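Chains as they are written, first to last, in my numbering: chain A, 1 to 246; chain B, 1001 to 1224. Backbone N, C-alpha and C fix where the C-beta goes; we use that ideal spot for every residue, glycine too. None of the values given here were measured: they were computed from a predicted structure. To start, the structure under review is shown below, and the notes come after it.
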C-alpha cells in the first residue's frame, strides 16, 4: 500500500477561485429561493381555490414536481426543453428554473398546511365584519399563516443550497463546479472536496441557526407560544415538509 | 399546419429501448433499497447513542447528524469516489461508492427520525418496563422499538423516496442506471426531450408506487 501524502497547501492556494464559486452558489440559491416563495404561494392559493379544475391542476403540480430529483430537472430543462424550443438557456438560468420548480412544489405544501392551520372562525369573523375576500386573506389569514410557515420555508433554503450543487454537472462554476475544475488541474481530490464539504456544512449550519432563531422569535407572538410543537407533532410534520435533499 | 417548433419529435429510440430503461430503473431501486436498510441500521444506533444520556456518546452522535446533513449528496459522492478512494488506496466500484454516500447521507436523517420516534413515546413506558424488571435492552426491544416503528414509518418512507431521487445522481460516476441510459440515447440520437421525459415518467411512477406502499404498510401495522 502506497502511503498518501496530503497536499493541504492546495486549498489556501485555491481560496480565491472557491470564493468566487461560493458567490455564484449564494446568488443561485437566493434567486431560486425568492422565486420559489412567490410561485409556491400562487400554487398553494390555487390548491385552496373554489374552482375544481384549478385545484386539480395545483394538486398535480405538487405531486409530480416533488417526485422528480433536481438532477433530472436540470437535464430535462438544460437539454430537453432547450432543444425543443430552440432556446439556449444558460447553465445559471437552467439552474434557477430547476430549483424554482422543485422547491415551489414543496413550499406550496408548507403554505397550504399553514393556511389551513388558521382557525376557520377568523375568516368567518372577518367576512362577517364586511372585509372582502382579498382583504380577509391579506390582513387576517395570511399574517397568521405566515408565522406558521416561516420556519419551514427558511428550512427549504437549506435544501436549495444543497441541491444547487447539482447544477455543477452541466458546467456551472458554482462552489461545486469550481471544485471539480480545480481537481482536474491540481490533482488533490480529497483535500479539495473536503474543503468544499466543510464550506457547505458551515453555510448550512448558519442557515439552520438563523431558521431556529426566527422560529423562536415568531413563536413568542403565538398563543401558548414558546413551547413549540410536541415531539409527536414534530414527527407528524414530516408528512408535509419532510424530504431528503439530494 | 406549419410546424412552429424546429424540433422533430422522435419517440422511436426511447420506445425501442424500454427494457434498458427498466433495467436502469431496477438498478436505482436496489441501490436505494440496500442504502436504505444500511441507513436505518446506522440511524437506530446513532439515535440510541444520542438518547443515551451519556455526554461522551450523545455529543459525537449530535455532531454526526449536524455535519452529515450539511453535505450535499453530490459533494459526498465525489468525496468518497475520488477523494477517500485515493487516500486509503482503495478502489471503490461506482456502485459501492454510491451506496456508501447514500447510506451516510440517509443515516443522518433516519437518526433524527428514530430519535423523534423514541422521544414521542411517554417516558412512563420506559419507566414502567424498567420497574417491571426488563433490562435496558429488553425495554428497547419489547416495549419502545415496536411502538416507535409505527410512528416512524411515514417519515422513513420519505427518506426512501429521497434516496431514490438521490440514486439518479449515480450516473455521474458512471453507474449505468436509467439516467445514463437516457444520456447515451441523447448523445447517439439527439433526442434529449424524449430521453429525459422517459426518466421523469419512470421516476414519478416509482415515487407514486412507493408512496402508496408506505400508506398500505402504515394501515397494515396500525394497532387495533
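State yes or no: is the beta carbon of residue 1017/B nearer than 7 Å to at least one beta carbon in chain A?
-> Looking up residue 1017/B in the second chain gives position 17. Closer than 7 Å: no.
Give a yes or no on whether the minimum CB-CB distance between residue 1123/B and chain A is below 7 Å.
-> Stepping through the second chain from its first residue, residue 1123/B is reached at position 123. False, the Cβ-Cβ gap to chain A never drops below 7 Å.
Per-residue burial, residue 225/A [other beta carbons within 10 Å of its own, 16 or more giving buried] | Residue 225/A sits at position 225 when you count from the first residue of the first chain. The pLDDT assigned to residue 225/A is 46, lower than 50, so where the model puts this residue is not dependable; a value taken from the coordinates is nonetheless given after this. Per the 10 Å Cβ criterion, exposed.
Euclidean distance between Cα positions of residue 1216/B and residue 212/A | Taking the second chain and counting its residues from 1, one reaches residue 1216/B at position 216. Taking the first chain and counting its residues from 1, one reaches residue 212/A at position 212. When rounded, the distance between both Cα atoms is 34 Å.
Please say whether residue 1200/B and residue 84/A have beta carbons closer to each other than 7 Å?
-> Along the first chain, one-based indexing puts residue 84/A at 84. Along the second chain, one-based indexing puts residue 1200/B at 200. No; because the gap between Cβ atoms is not below 7 Å, this pair is not in contact.
Look up residue 1019/B in the DSSP assignment and say whether it is helix, strand or coil.
-> On the second chain, residue 1019/B is found 19 positions in, with the first residue counted as 1. Helix at residue 1019/B.
C-alpha distance - residue 79/A paired with residue 55/A, whole-angstrom precision | The residue you call residue 79/A lines up with position 79 of the first chain. The residue you call residue 55/A lines up with position 55 of the first chain. If you take the alpha carbons of residue 79/A and residue 55/A, they lie about 31 Å apart.
Using a beta-carbon distance below 7 Å, is residue 1039/B in contact with chain A?
-> Here residue 1039/B refers to the residue found at position 39 of the second chain. Not closer than 7 Å to any Cβ of chain A, the Cβ of residue 1039/B fails to qualify, so no.
Of the choices 210/A, 206/A and 157/A, whose alpha-carbon is the least far from that of residue 34/A?
-> In the first chain, the residue the question calls residue 34/A occupies position 34. Among 210/A, 206/A and 157/A, the Cα nearest to that of residue 34/A is on 157/A.
Contact set between residue 1305/B and chain A, taken where Cβ atoms lie within less than 8 Å = Nothing in the structure corresponds to residue 1305/B, since chain B is present only between 1001 and 1224.
Three or more C-beta pairs below 8 Å linking the region 1086-1099 of chain B and the region 1167-1184 of chain B | yes
Does any heavy atom of the ligand ZN sit closer than 6 Å to the C-beta of residue 41/A?
-> In the structure on display, the ligand ZN does not appear, and there are no ligands present to speak of.
Taking only the alpha-carbon atoms, compute the straight-line gap between residue 109/A and residue 23/A and give it to the nearest angstrom.
-> By 1-based counting over the first chain, the position of residue 109/A is 109. By 1-based counting over the first chain, the position of residue 23/A is 23. Distance between the alpha carbons of residue 109/A and residue 23/A is about 30 Å.
Complete beta strand (DSSP E) runs within the region 8-78 of chain A (minimum length 3 residues, chain order) = none
Express the C-alpha separation of residue 1112/B and residue 1045/B in angstroms, rounding to a whole number.
-> Along the second chain, one-based indexing puts residue 1045/B at 45. Along the second chain, one-based indexing puts residue 1112/B at 112. When rounded, the distance between both Cα atoms is 11 Å.
Whose C-alpha, out of 1077/B, 1055/B, 1196/B and 1162/B, is nearest the C-alpha of residue 1015/B?
-> Here residue 1015/B refers to the residue found at position 15 when the second chain is read from its first residue. Of 1077/B, 1055/B, 1196/B and 1162/B, the residue nearest in Cα terms is 1196/B.
Take the Cβ of residue 1017/B as the centre, count every other Cβ of all protein chains shown within 10 Å, and call the residue buried at 16 or more, exposed below.
-> Indexing the second chain from 1 puts residue 1017/B at position 17. It is buried - the Cβ of residue 1017/B has at least 16 other Cβ atoms within 10 Å.
Where the alpha helix (DSSP H) through residue 1141/B begins and ends = Within the second chain, residue 1141/B is the residue found at index 141, counting from 1. Counting along the chain, residue 1141/B falls outside any alpha helix (DSSP H), and DSSP gives it neither H nor E.
Can you tell which of 32/A, 121/A, 19/A and 20/A has the C-alpha that lies nearest to the C-alpha of residue 154/A?
-> Walking along the first chain from the start, residue 154/A turns up at place 154. Per the Cα distances, 32/A.
Nearest to residue 106/A (by Cα), restricted to the options 190/A, 37/A and 146/A | Sequence index remark: in the first chain, residue 106/A carries index 106 (1-based). Cα-wise, what sits closest to residue 106/A is 37/A.
CB-CB under 7 Å to residue 1183/B, same chain, minus the five flanking residues each way: which ones, in chain order?
-> One-based indexing of the second chain puts residue 1183/B at position 183. 1171, listed in sequence order.
Taking only beta-carbon positions, decide if residue 1173/B is within less than 7 Å of chain A.
-> Position 173 of the second chain, counting from 1, holds the residue named residue 1173/B. No, residue 1173/B lies away from the interface with chain A (no Cβ there is under 7 Å from its Cβ).
Whose C-alpha, out of 1168/B, 1188/B and 1062/B, is nearest the C-alpha of residue 1032/B?
-> The residue you call residue 1032/B lines up with position 32 of the second chain. For residue 1032/B, the nearest C-alpha among the options comes from 1168/B.
Could you give the distance in angstroms between the alpha-carbon of residue 116/A and the alpha-carbon of residue 145/A?
-> The residue labelled residue 116/A in the question sits at position 116 within the first chain. The residue labelled residue 145/A in the question sits at position 145 within the first chain. One C-alpha to the other measures close to 8 Å.
Same chain only: Cβ atoms within 6 Å of residue 1038/B, ignoring 5 sequence neighbours per side = The residue given as residue 1038/B occupies position 38 in the second chain. Here the set comprises 1103.
Under a CB-based cut-off of 7 Å, is residue 79/A close to chain B?
-> Here residue 79/A refers to the residue found at position 79 of the first chain. Output row for residue 79/A: interface = yes.
Alpha helix (DSSP H) containing residue 1091/B: first to last residue?
-> To locate residue 1091/B, count along the second chain from 1; it is residue 91. First-last for residue 1091/B: undefined, no H or E at that position.
Which runs of the beta strand (DSSP E) fall wholly inside the region 1003-1075 of chain B and span at least 3 residues, in chain order?
-> none
For residue 1109/B, three-class secondary structure by DSSP = Looking up residue 1109/B in the second chain gives position 109. The answer is helix: DSSP assigns residue 1109/B an H, G or I state.
Apart from the five residues on each side of it in sequence, which residues of its chain come closer than 8 Å, Cβ to Cβ, to residue 41/A?
-> For this step, residue 41/A is matched to residue 41 along the first chain. Only 107, 108 and 111 meet the Cβ criterion.
Could you tell me whether any Cβ in chain B is nearer than 7 Å to the Cβ of residue 14/A?
-> By one-based count along the first chain, residue 14/A stands at place 14. Chain B contact via Cβ: absent.
Using the rule of at least 16 other Cβ atoms within 10 Å of the residue's Cβ for burial, across every protein chain shown, is residue 1219/B buried or exposed?
-> The residue given as residue 1219/B occupies position 219 in the second chain. Classification of residue 1219/B: exposed, given that the 10 Å Cβ count is below 16.
Just how far apart, CA to CA, sit residue 1071/B and residue 1214/B?
-> Along the second chain, one-based indexing puts residue 1071/B at 71. Along the second chain, one-based indexing puts residue 1214/B at 214. Rounded to whole angstroms, residue 1071/B to residue 1214/B spans 27 Å at the Cα level.
When DSSP labels each residue in this structure, what does residue 4/A get in the three-state scheme?
-> Your numbering for residue 4/A matches position 4 in the first chain. Note: residue 4/A maps to coil in three-state DSSP.
Residues of chain A with a CB under 8 Å from the CB of residue 1196/B: which are they?
-> Stepping through the second chain from its first residue, residue 1196/B is reached at position 196. Going along chain A in sequence order, the residues near residue 1196/B (Cβ under 8 Å) are 72, 75, 76, 79 and 80.
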